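Participant: This note's numbering numbers the first residue of the sequence shown as 479 and each following residue consecutively.
Before I ask anything, let me first share the structure, which is written out below as structure tokens.
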Amino acid sequence: MRHIILVILPLVLFFGCANKPEYKIPEPGLHESLSGHMLHQAKYAELCKQGHHFTCEISKPDWRQTPSLSILQGLTWLTGAHVNVVGIKTDKRSYWVATQTKDAVSLTPIKFKTTKIASSDWVIESLEVPLEGDVHDLIVVGTDGILDLRRIEGRRLNGKRFRFAFTSCMDDSFNRDQDSVWRSLAQDDPDYLFLLGDNVYATKALSPTEKALDPTRLALQYLATRRRLELYRLPKLIPTLAIWDDHDYGMKDGDKHYPYRRASREVFHQFFAQPDHPPYFQRGPENTGLFTAFKTQMFLLDDRSQRQKNGTDPGEYAHWGKAQEDWLLTNLTKFPGISWLLNGDQIFGGYHEFESFEGNHPASFQKFLAKWKDSKKGLIFVSGDRHLTELMEIKDPDSLYRTYEITASPAHAKTYPSRWTEKPNPRQIAGADLTLNYVLVDGQVTDTDQKLRITAKDKDGGSLYSKTAHVDWPKAD
């Protein structure tokens, strides 16, 4: 199969978020300086003089960072962020945030909660970092001095412009590729990163005769991925929210018959920092969440916990279950603007034989489309899983007005030929197969309109396709 890359030149469209200064990260290596990605060392000299002795080593000209810890910045708003850190349980750590406001600099200790990871020597420490100031560094201190230092920023969630990054399918055995992907994505400096499932290839631990992982083995696979990925060692942290698909759910092509689905959800919540935090994030049924920001709302859906077995369809609720679908439609109806729906597998994927809502549960899919059209509310769709990237245009008869489904997959995992020549996707307007990828979406929002620039990139940051899209969804009567 030839490597298919369709390039659609974008119309001229200017977004404030797209004109951010380009963020450059250090070249690979543990001994690179963080200069440019931390408070100026003179500010640490001030803190040293104030009696904060561990800051004295940072103020030295030859100080270098060693990114020894796995740190995730999760749900983030203008004045705070939820963060978690993976570390050895016998080590003692304290957490501090160094804040510069105009010319003044201060240092604040941060309380944290420790959760043990079963059958391991590791723990997860969860903290809420205050971000009230102009520039912030998160500092981790051990018994012998600085363990880690990262730049951390808040996010102004009441704005009308955004830059989102999307990807999925993160096999931690792709060592060099994953380093490149995360460094490229970091340079694009997204407001938020959304992980669309298979964020951990936990099911690789299954033997040929096993169907599902128990919670302890699942947690150990999550731990292994957290310790390996460059995403969690970037010098500037990226606010990140996640959903799951079958590999991080714990059962291949998993569904409601997975015996550990509730325990699996607890493992997921342990490793991803996205607790209830109204008005920005609210958990819903099963492993769902609703993120409200940038004058839009984003449904983070669970396509596994209440899923009927593929090919089994009672005619309604087969993909997400009744509670989740009702929750989705209720919140969709209440919101005045256009929403986003994030799902592990494709929604409009009936043209291929792999997993999708349309392909696996066609009657329930049509029933959902009818309910969605009755709501007269706008939706933009995003999905992972397919090990290729494509952009679909969704229009009549599927939708009342033109909208899109964006698929971003894989970040770093095996790729496969698309077979688009033999099995074309009639909804597709752009796509690329046989390449690692992530997708950037720059957006500008009004109550009834979202102007988008959708750009798929390869692991080195090169453009695979770029498309401007206008989703115009008139208000319901």
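Each residue gets a CB set at the ideal place from its N, CA and C atoms; glycine is no exception.
As the structure is a computational prediction, the values presented were derived from the model and not from experiment.
Can you tell me whether DSSP reads Tyr-1041 as helix, strand or coil?
Facilitator: Outside the shown range of the chain, which is 479 to 955, sits residue 1041, and nothing can be said about it.
Participant: Let me know the alpha helix (DSSP H) ranges lying completely inside the stretch 683 to 713, each 4 residues or longer, listed in chain order.
Facilitator: Fully enclosed alpha helix (DSSP H) runs of 4 or longer: 693 to 706.
Participant: Please classify Trp-541: does DSSP put it in a helix, a strand, or coil?
Facilitator: Three-state DSSP puts Trp-541 in coil, outside helix and strand.
Participant: Note the first and the last residue of the continuous beta strand (DSSP E) segment covering Trp-818.
Facilitator: Note, Trp-818: beta strand (DSSP E), 817 to 821.
Participant: Can we say the stretch 868 to 887 touches the stretch 750 to 765, given the rule of at least three CB pairs closer than 8 angstroms?
Facilitator: With the cut-off at 8 angstroms, the stretch 868 to 887 and the stretch 750 to 765 do not touch.
Participant: State the DSSP-derived secondary structure class of Glu-510, mapped to helix, strand or coil.
Facilitator: Annotation note: pLDDT 35 at Glu-510 (below 50); position unreliable, coordinate value reported separately. Here Glu-510 sits in coil by DSSP.
Participant: Which class does Phe-772 belong to by DSSP, given the choice of helix, strand or coil?
Facilitator: Three-state result, Phe-772: coil.
Participant: Residue range of the beta strand (DSSP E) that Val-678 falls in?
Facilitator: Segment: none, Val-678 is in no beta strand (DSSP E) and carries neither H nor E.
Participant: Is Tyr-882 closer than 9 angstroms to Val-923 when the C-beta atoms are compared?
Facilitator: No, they are not a contact pair.
Participant: Three Cβ pairs or more, each shorter than 8 angstroms: is that satisfied between the stretch 580 to 592 and the stretch 627 to 641?
Facilitator: As far as the Cβ criterion goes, the stretch 580 to 592 does not touch the stretch 627 to 641, which means the pair count is below three.
Participant: Does the beta-carbon of His-509 have 16 or more other beta-carbons within 10 angstroms, so that it is buried, or is it exposed?
Facilitator: In this prediction, His-509 scores a pLDDT of 30, lower than 50, which makes its location untrustworthy; no coordinate-derived value is stated.
Participant: Verify the contact flag: Asp-650, CB atom, against every heavy atom of the ligand FAD, threshold strictly below 8 angstroms.
Facilitator: By its list of ligands, the structure shown contains no ligand whatsoever, and the ligand FAD lies outside what it can speak to.
Participant: If you follow the alpha helix (DSSP H) that Ala-848 is in, where does it begin and where does it stop?
Facilitator: Its alpha helix (DSSP H) spans residues 840 to 853.
Participant: With H, G and I counted as helix, E and B as strand and the rest as coil, what does DSSP make of Gly-837?
Facilitator: Helix at Gly-837.
Participant: Measuring straight from C-alpha to C-alpha, what distance separates Gly-940 and Leu-779?
Facilitator: Cα-Cα distance, rounded: 30 angstroms.
Participant: What separation, rounded to the nearest whole angstrom, lies between the Cα atoms of Asp-540 and Cys-534?
Facilitator: Asp-540 and Cys-534: Cα-Cα distance of roughly 12 angstroms.
Participant: Just the Cα atoms here: how many angstroms apart are Asp-726 and Asp-599?
Facilitator: Near 22 angstroms, if we compare the C-alpha coordinates of Asp-599 and Asp-726.
Participant: Name the DSSP beta bridge partners of Leu-609, please?
Facilitator: Leu-609 is not bridged to any residue.
Participant: Is the Cβ-Cβ distance between Ala-841 and Glu-803 less than 9 angstroms?
Facilitator: Contact: no.
Participant: Since Lys-935 is in the beta strand (DSSP E), which residue starts that stretch and which ends it?
Facilitator: Here the beta strand (DSSP E) through Lys-935 covers 927 to 935.
Participant: Hey, how far is the Cα of Pro-499 from the Cα of Gly-632?
Facilitator: Low confidence applies to Pro-499: its pLDDT is 36, below 50, so where it sits in the model is not reliable enough to give any reading.
Participant: Output needed for Leu-663: all residues of its chain with C-beta closer than 6 angstroms, excluding positions within five of it in sequence on either side, in chain order.
Facilitator: Answer for Leu-663: Ala-643, Tyr-916, listed in chain order.
Participant: Keeping to the same chain, check which residues put their C-beta closer than 6 angstroms to that of Ser-584; ignore five residues upstream and five downstream.
Facilitator: Thr-577.
Participant: Spell out a yes or no on whether the stretch 645 to 656 and the stretch 683 to 694 are touching, meaning 3 or more CB-CB pairs, one atom from each, closer than 8 angstroms.
Facilitator: Not touching, per the Cβ criterion.
Participant: Helix, strand or coil, according to DSSP, for Ile-588 in the structure here?
Facilitator: Three-state result, Ile-588: strand.
Participant: Three-state secondary structure (DSSP) at His-755?
Facilitator: Strand.
Participant: What is the C-beta distance between Pro-469 and Leu-912, in whole angstroms, given that I count them as a contact (C-beta under 8 angstroms)?
Facilitator: Since the first residue of the chain shown is 479 and the last is 955, residue 469 is not available in this structure.
Participant: Let's test the definition: count the other Cβ atoms within 10 Å of the Cβ of Pro-504 and tell me whether it reaches 16, buried, or not, exposed.
Facilitator: Note that Pro-504 scores 34 on pLDDT, short of 50, meaning its location in the model is unreliable; the coordinates nonetheless yield the value given after this. The residue is buried, with at least 16 neighbouring Cβ atoms inside 10 Å.
Participant: Does the separation of the CB atoms of Tyr-710 and Ser-548 fall below 9 angstroms?
Facilitator: Contact: yes.
Participant: Below 9 angstroms between beta carbons: does that hold for Met-648 and Ala-796?
Facilitator: Not a contact, by the Cβ cut-off of 9 angstroms.
Participant: Is the separation between the beta-carbon of Leu-930 and that of Ile-825 shorter than 9 angstroms?
Facilitator: No.
Participant: Counting C-beta neighbours from all protein chains within 10 Å, is the total for Glu-836 16 or more, i.e. buried, or is it exposed?
Facilitator: That one is buried.
Participant: Measure the Cβ-Cβ separation of Trp-574 and Ile-617 and say whether it is below 9 angstroms.
Facilitator: Yes, the pair counts as a contact, with Cβ atoms nearer than the cut-off.
Participant: What is the DSSP secondary structure of Asp-804, reduced to helix, strand or coil?
Facilitator: If DSSP states are grouped into helix, strand and coil, Asp-804 belongs with the helices.
Participant: I need the straight-line Cα distance from Arg-542 to Tyr-700, nearest angstrom please.
Facilitator: Arg-542 and Tyr-700: Cα-Cα distance of roughly 29 angstroms.
Participant: Along the chain, where does the alpha helix (DSSP H) that runs through Asn-653 open and close?
Facilitator: 653 to 665 is the span of the alpha helix (DSSP H), which, as asked, contains Asn-653.
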